[in-house]
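Presented below is the structure to which this report refers.
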Amino acid sequence: MASSEEIRVAAPLAGLTSGFIEVRVGDEASAQSFYVHQDLICASSEFFERALNGDWQEAEDKCVKLPDDEPKVFENYINWLYTGKIPIKCTTIPKGSRMSREVENEYTALCELFVFCEKLQDTKGKNASTKALYQGCLEERTGTLYFPLSPAINVVYNGTPCTSPLRALLRDGFVNRSAPHWFKDGDDYCKEFLYDVVVGMATDRAKPSIGLNLEGLSKYLEDESEKKEDTATGATGKGGGA
Numbered sequence: 066m067a068s069s070e071e072i073r074v075a076a077p078l079a080g081l082t083s084g085f086i087e088v089r090v091g092d093e094a095s096a097q098s099f100y101v102h103q104d105l106i107c108a109s110s111e112f113f114e115r116a117l118n119g120d121w122q123e124a125e126d127k128c129v130k131l132p133d134d135e136p137k138v139f140e141n142y143i144n145w146l147y148t149g150k151i152p153i154k155c156t157t158i159p160k161g162s163r164m165s166r167e168v169e170n171e172y173t174a175l176c177e178l179f180v181f182c183e184k185l186q187d188t189k190g191k192n193a194s195t196k197a198l199y200q201g202c203l204e205e206r207t208g209t210l211y212f213p214l215s216p217a218i219n220v221v222y223n224g225t226p227c228t229s230p231l232r233a234l235l236r237d238g239f240v241n242r243s244a245p246h247w248f249k250d251g252d253d254y255c256k257e258f259l260y261d262v263v264v265g266m267a268t269d270r271a272k273p274s275i276g277l278n279l280e281g282l283s284k285y286l287e288d289e290s291e292k293k294e295d296t297a298t299g300a301t302g303k304g305g306g307a
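Heads up: the sequence shown begins at 66 in my numbering, then just goes up one per residue.
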């Protein structure tokens, strides 16, 4: 049966009839140049729309410089812009791995793309990154489901506002599905994320009954019947010696 996915698009939305603009990505010494249809990128990114249609040098030169960004991130962005796909999915995962380097890199790259789209004010690009990340979390690989950990999470928290929906997705994943080993490298997570997780757990859990469960108090008390042999030995030998 043929796929039901719509492959046609209205002519005005194609965005491939305009001229090209140059986008130089990376620091000046090693910047890479990319050439993109102006109408296509301006239709998706408010940042480019303003830069190339206002009274700016970029509009005159048809060249936008992004010295603080990585060429690979922009390459992923224009791949999505032209094809609607993000060429980022890992295909090799060691069996029995809790979080393989390949999956971690995939998630980190998707989060870097999201943060880049945040900068470009490209809502469609952000949503595409989120959908790809969500799909990855639901995909069983070698019998295991993987969720983003500190490298990807820190990218998001360092590059988005507190109202970001992707922050909420990462927080909710930890609140609802986390296992103890997810926190093995707890010091690697930014404090803001850990705070959000704690608040989320306190908010989403079942409301406790009034007062503490004092029937379980013994769990938190030390055993008073234990004798410290080292203390007794120290007391006995304290007065010895000539």
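C-beta: ideal position from N, C-alpha, C; glycine also.
- In the three-state reduction of the DSSP assignment, L131 falls in the strand class, which pools E and B.
- Between W247 and L214, the C-beta spacing is below 8 Å.
- Judged by pairs of C-beta atoms under 8 Å, the region 164–174 does not touch the region 116–136, as fewer than three such pairs exist.
- Runs of the alpha helix (DSSP H) lying entirely within the region 225–255, each at least 4 residues long, are 230–242 in chain order.
- According to the DSSP assignment, S98 belongs to the beta strand (DSSP E) that extends over 97–102.
- Three or more Cβ pairs drawn from the region 254–272 and the region 235–246 lie within less than 8 Å of each other, which places the two stretches in contact.
- Within the same chain, Cβ atoms closer than 6 Å to the Cβ of G265 are found at R236, V240, the five residues on either side in sequence being excluded.
- Using a C-beta cut-off of 8 Å, the region 94–110 makes contact with the region 142–158, since at least three inter-stretch Cβ pairs fall below that distance.
- For L117, the number of other beta carbons within 10 angstroms of its own is at least 16, and it is reported as buried.
- The Cβ atoms of F179 and L231 sit closer than 8 Å to each other.
- Cβ contact annotation for V129 (same chain, cutoff 6 Å, sequence separation greater than five): V88, A116, E123, in chain order.
- Assignment of T188 by DSSP, reduced to helix, strand and coil, places it in the helix class.
- Distance from the Cα of E140 is smallest, within the candidate group L175, E114, S165, for L175.
- Counting other Cβ atoms within 10 Å of its Cβ, F85 stays below 16 and is therefore classed as exposed.
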